[in-house]
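Participant:
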Amino acid sequence: MAPFHLLFPVSVLAGFVGAMSGLGGGVVLIPALTLLGVDIKHAIAVSILCIIATSCGSASAYVRNHIPNLKVGMFLEMFTVLGALTGASVTLVISPQPLYIAFGLVLLGSWLALLLAGRQSWHDGPQDSMSRWLELEGSYPDDAVGQTIHYKGRRAYLGAPAMLGAGIIAGLLGIGAGAVKVLIHDLVMGLPPKVSTTTSNLIIGVTALAGTSVYLAAGLINLGLAAPVILGVVLGAFIGTRLLVRLTNQAVRRFFLFVLLILAAEMIARGIRGA
Amino acid sequence: MGSGKLRAEADLRRETLPQYKMDTVVGYTLQAGVLLSLALISAGLIWKWVATGGLVFDYRLRGMNLFHLAAQQFRLAAHGTVRPRLLVNLGVIVLLLTPYSRVLASVAYFTAILKNWKYSLFTSVVFIVLTYCLFLR
């Protein structure tokens, strides 16, 4: 197994890049761990355990600022936990090659999401009857504009199955799939960006718990590997969040886009070559 | 239409206060859970380093669920077998229980405080699926 002096800094870097880019630690951590010689299934299992820590850590601050929508979160969690349970169960039985390829494809998707991020401007719209029945509306105090923003979530009938898919990806690949969840919240359900990112964060912790349980039961969680990685990822994410809440600097953004593309190509190539 | 809007506003006011209190409780619970877990894992690693001069643990949890793991660790602790590995294991147990307790708190909030049957049902479904996951073997 890779020694502490390699695992720890790599995990700090993964947590840092994950927080700065808004993509979460897993996206960088898993390729990095596999490059250090960790088997991909063990890397996935450790990554999803770390995600519980980073997600709960940042959710605690958001919740106290009353930004996430608990109803949207709880409704969608029903689908993501089932998805994660399914996805993680699939990972246990399939060979590593398709996992590498799927991971590469998700990285490409995240690359696209990052490329398109911030292009959409949020506007409130009419609510359908199902979303009204589900009480998917809310408000949050927005410090930036100094007022309370009211919004109505919509198209829950599309959001729910899409979240099942996001949960499957999360469980299958050991990532938070935050980029996918935020896209669903933004584009499908019409939630304001702050609500969508923070609610997605709340959902990620619970989804990761469902996935972790499957890997724990299968004996894939190596605590010797997990201990330094958890500490590193949380430390990196903490620094990343303090340093830059959102990607504003174009140079930094371009750098992440470049890193993601390289990682995606690397993972797909390894999947095709047979790792 | 007008009365519906008034009712919605009254509902919003009725929900806002307990929701704010709930947010504070949940926020601190999540923070305390993560910090305690990280403290236990760090303590385990530091102890290992002080005791052996190395930081390499290599042990897998043989396929077991959270409750088995917790029971096993508490048995070890009760017998006085406290070692670095026990602290790391306890850290992971606390970490897994953190989001689980958040969901349990949400069930209590929607059932007992808001008396919202729809969301009592939804949160219970999430809680039951998670409990099933945690009992997997």
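Chains A and B, in that order, give the protein sequences.
Under numbering that gives the first Met the number 0, the residues of the first sequence are numbered 0 to 274, in order.
Under numbering that gives the first Met the number 0, the residues of the second sequence are numbered 0 to 136, in order.
We treat Cβ as the ideally placed atom computed from N, Cα and C, and that holds for glycine.
1. Please go through the same chain and pick out, in chain order, the residues whose beta-carbon is closer than 8 Å to the beta-carbon of I29 of chain A, but skip the five residues on each side of it.
2. L75 of chain B touches chain A at which residues, Cβ-Cβ below 8 Å?
3. Anyone know if the C-beta pair for F109 of chain B and M73 of chain A falls short of 9 Å?
4. Given a threshold of 16 other Cβ atoms within 10 Å of its Cβ, counted over all protein chains shown, does Q146 of chain A qualify as buried or as exposed?
5. If we ignore side chains and look at the alpha-carbon of each, how far apart do T85 of chain A and G164 of chain A end up?
6. Under a CB-based cut-off of 9 Å, is G52 of chain B close to chain A?
7. Do G26 of chain B and P83 of chain B have their C-beta atoms closer together than 9 Å?
8. Quick one: grab the DSSP three-state call for G173 of chain A.
9. Using a Cβ-Cβ cutoff of 9 Å, what residues of the segment 114–129 of chain B are near chain A? List them in chain order.
10. Which residues in the same chain have their Cβ closer than 6 Å to the Cβ of V89 of chain A, if we skip the five residues on either side of it in sequence?
11. Three or more C-beta pairs closer than 8 Å, one from the segment 50–64 of chain A and one from the segment 29–38 of chain B: is that the case here?
12. At which residue ranges does the segment 181–222 of chain A contain complete alpha helix (DSSP H) runs of 4 or more residues, listed in the order of the chain?
13. Going along chain A in order, which residues have a C-beta closer than 7 Å to the C-beta of L85 of chain B?
14. Compare the beta carbon distance of L208 of chain A and Y99 of chain B with 9 Å and say whether it is the shorter of the two.
15. So M73 of chain A contacts chain B; which residues on that side make the cut at Cβ distance below 7 Å?
16. Can you tell me which of the three DSSP states D142 of chain A falls into?
17. Can you give me the C-alpha to C-alpha distance between I271 of chain A and L94 of chain B, rounded to a whole angstrom?
18. Please check the pair F134 of chain B and N64 of chain B, which I expect to be a contact at CB under 8 Å, by giving their CB distance rounded to whole angstroms.
19. Counting Cβ pairs, one atom from each stretch, are 3 or more of them under 8 Å apart for the segment 132–139 of chain A and the segment 5–12 of chain A?
20. Buried or exposed: which applies to S20 of chain A, given that a residue is buried once 16 or more other Cβ atoms fall within 10 Å of its Cβ?
21. Using a Cβ-Cβ distance under 9 Å, would H65 of chain A count as near chain B?
22. With 9 Å as the threshold, decide whether the Cβ of A58 of chain A is near any Cβ in chain B.
23. Could you check the C-alpha separation between L5 of chain A and P227 of chain A for me, to the nearest Å?
24. Which of the three DSSP states is assigned to M0 of chain B in this structure?
25. For R82 of chain B, which residues in chain A fall below 7 Å Cβ to Cβ?
26. Checking 9 Å against the spacing of the C-beta atoms, do I292 of chain A and T97 of chain B come in under that value?
27. Please list the terminal residues of the continuous alpha helix (DSSP H) segment that includes F74 of chain A.
28. If we ignore side chains and look at the alpha-carbon of each, how far apart do I229 of chain A and G235 of chain A end up?
29. Out of curiosity, what's the CA-to-CA distance linking V105 of chain A and L75 of chain B?
30. For the alpha helix (DSSP H) holding K117 of chain B, just list the boundary residues, first then last.
31. Using a Cβ-Cβ distance cut-off of 9 Å, determine whether I290 of chain A contacts chain B.
32. Leaving out the 5 sequence neighbours to the left and right, which residues in its chain are closer than 6 Å to N68 of chain A when beta-carbon positions are compared?
33. Which residues in chain A have a C-beta closer than 7 Å to the C-beta of I40 of chain B? List them in chain order.
34. Under 7 Å, CB to CB, which of the residues in the segment 192–216 of chain A have a partner in chain C?
35. Would you give the residue range spanned by the alpha helix (DSSP H) that G25 of chain A belongs to?
36. In whole angstroms, what is the alpha-carbon distance linking M0 of chain B and A169 of chain A?
Facilitator: Inspection of the coordinates gives the following:
1. I39, A42, I43, S46, F102, L172, G173 and I174
2. The contacting residues do not exist; L75 of chain B stays about 14 Å from chain A at best.
3. yes
4. exposed
5. 10 Å
6. no
7. no
8. coil
9. N115, K117, Y118, F121, T122, V124, V125, V128 and L129
10. L171
11. yes
12. 192–216
13. Correct list: empty, because the minimum Cβ distance to chain A is about 11 Å.
14. yes
15. S105, Y118, F121, T122 and V125
16. coil
17. 36 Å
18. 5 Å
19. no
20. buried
21. yes
22. yes
23. 10 Å
24. Because M0 of chain B carries a pLDDT of 43, less than 50, the predicted location of this residue cannot be relied on, and the following value inherits that uncertainty. Three-state result, M0 of chain B: coil.
25. Those within 7 Å of R82 of chain B in chain A number zero; the least Cβ separation is about 13 Å.
26. The first residue shown for chain A is 0 and the last is 274, placing residue 292 of chain A beyond what the model contains.
27. L69 to V92
28. 10 Å
29. 42 Å
30. W116 to L133
31. Because chain A is modelled from 0 through 274, residue 290 of chain A falls outside the range shown and cannot be assessed.
32. G137, V194 and T198
33. A226, I229 and L230
34. Going by chain labels, chain C is absent from the structure shown, which instead holds the protein chains A and B.
35. G25 to L34
36. At M0 of chain B the pLDDT is 43, less than 50, meaning the model places this residue with poor confidence and gives no usable figure here.
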